[in-house]
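In terms of our numbering, the sequence shown has 259 at position 33, counting the first letter as 1, and numbering is strictly consecutive.
Glycine included, every Cβ here is placed at the ideal spot set by N, Cα and C.
Single-structure report; data block below.
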Amino acid sequence: MKQLEWNQNTLPEDIALSIASSLQGWRSFYIRKHNDMAGRATDIVKFVEENSSFKCLEVGDFVKAVQTLCSMDFTFTDVVMFFFTSKQNVLLNLVGLHYCIFFLKISVENVVEALRSCHISERQVCVSWWKLGRWFYGFRMRDESHARRVSLGDLALAKENEVLGVLYRGAIHEVLRVQISIPDPAFSTWAWKGVQAQG
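Below, the structure is given as structure tokens:
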């Protein structure tokens, strides 16, 4: 700021006023743009919260939230600012992460760094999906249920490709239903693995 004051003191008055006016114009433009994106982000937050009863979101609503992000031209910086915050629930973090990976095509390093700097890389989601039972000698087997509890960091590093694929494709072909939920903190990881083994 002192450097700007020094430059203004050494410049002719009309040029200094022109520079100050230009800076004020950029500042007001930035504030308007930020407020506009904040309003758009609020719409998506409300949509996800209204459609995630019992901390559970159906994949159709998840995909719709991601597509809404696409239509609103959110940048990576916007996603980090509005969706990669610990004050948002992990379902909204996941919406932002999915958008960055599949639509913005942000590099893994940048996504992982953003998750870490926002302190959300260890946050977990539970993704459950049901597949149509296979045919076996003319008989249809029981429908298969699958569930994975994964961290946002592992998804960003593509350690859970099957889960990423299910989230990207949604409920199509042999997949009957996909649900994304916030895991119960009282439900330990080892207990979760036991439930997976039973399913």
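Pick from the options that is closest to residue i, judged by C-alpha positions
i, options, result
"Phe356", "Ser333, Phe328, Ile398, Lys331", "With the sequence shown as reference, residue 356 is identified as Trp, and Phe is not the correct amino acid for it. For Trp356, the nearest C-alpha among the options comes from Ile398."
"Gly265", "Lys290, Phe300, Glu276, Val292", "Phe300"
"Leu330", "Leu318, Met298, Arg366", "Met298"
"Gln405", "Phe280, Asn261, Val271", "Phe280"
"Cys344", "Thr268, Lys313, Cys352", "Lys313"
"Leu378", "Val274, Asp269, Ile327", "Ile327"
"Val292", "Asn277, Asp304, Val316, Leu323", "Leu323"
"Lys290", "Ile408, Leu402, Tyr394, Val401", "Tyr394"
"Glu209", "Leu358, Ser347, Val353", "Outside the displayed range of the chain (227 to 425) lies residue 209, so it cannot be described from this structure."
"Leu295", "Glu339, Asn319, Val337", "Asn319"
"Val334", "Asp304, His372, Leu383, Arg368", "Leu383"
Through-space distance from residue j to residue i, alpha-carbon basis
i, j, result
"Glu284", "Glu370", "18 angstroms"
"Phe302", "Pro238", "40 angstroms"
"Phe309", "Leu381", "16 angstroms"
"Asp410", "Arg349", "12 angstroms"
"Lys385", "Leu341", "15 angstroms"
"Leu390", "Thr268", "25 angstroms"
"Arg287", "Val274", "First, the residue type needs correcting, since residue 287 is Asp and not Arg in the sequence shown. Taking the straight line joining both Cα atoms gives about 7 angstroms."
"Trp361", "Ile257", "59 angstroms"
"Val306", "Glu400", "34 angstroms"
"Ile270", "Gly364", "46 angstroms"
"Leu402", "Cys282", "16 angstroms"
Identity of the residues DSSP links to residue i by a beta bridge
i, result
"Leu283", "Ile406"
"Lys357", "Glu370, Val401"
"Cys352", "Arg375, Ser407"
Beta strand (DSSP E) segment containing residue i, residue limits
i, result
"Ser333", "Element bounds for Ser333: n/a, residue is neither H nor E."
DSSP state of residue i mapped onto helix, strand, coil
i, result
"Glu239", "helix"
"Gln314", "coil"
"Arg258", "helix"
"Phe300", "coil"
"Trp232", "With a pLDDT of 47 at Trp232, under the threshold of 50, the predicted position of this residue should be treated as unreliable, and no value is reported."
"Phe365", "strand"
"Ile327", "helix"
"Ser278", "coil"
"Phe309", "coil"
"Ser347", "coil"
Endpoints, alpha helix (DSSP H) assigned at residue i
i, result
"Asn387", "387-395"
"Gly379", "378-382"
8 angstroms Cβ cutoff, residue i in contact with chain B
i, result
"Tyr363", "Protein chains in the displayed structure number just one, and chain B is not present."
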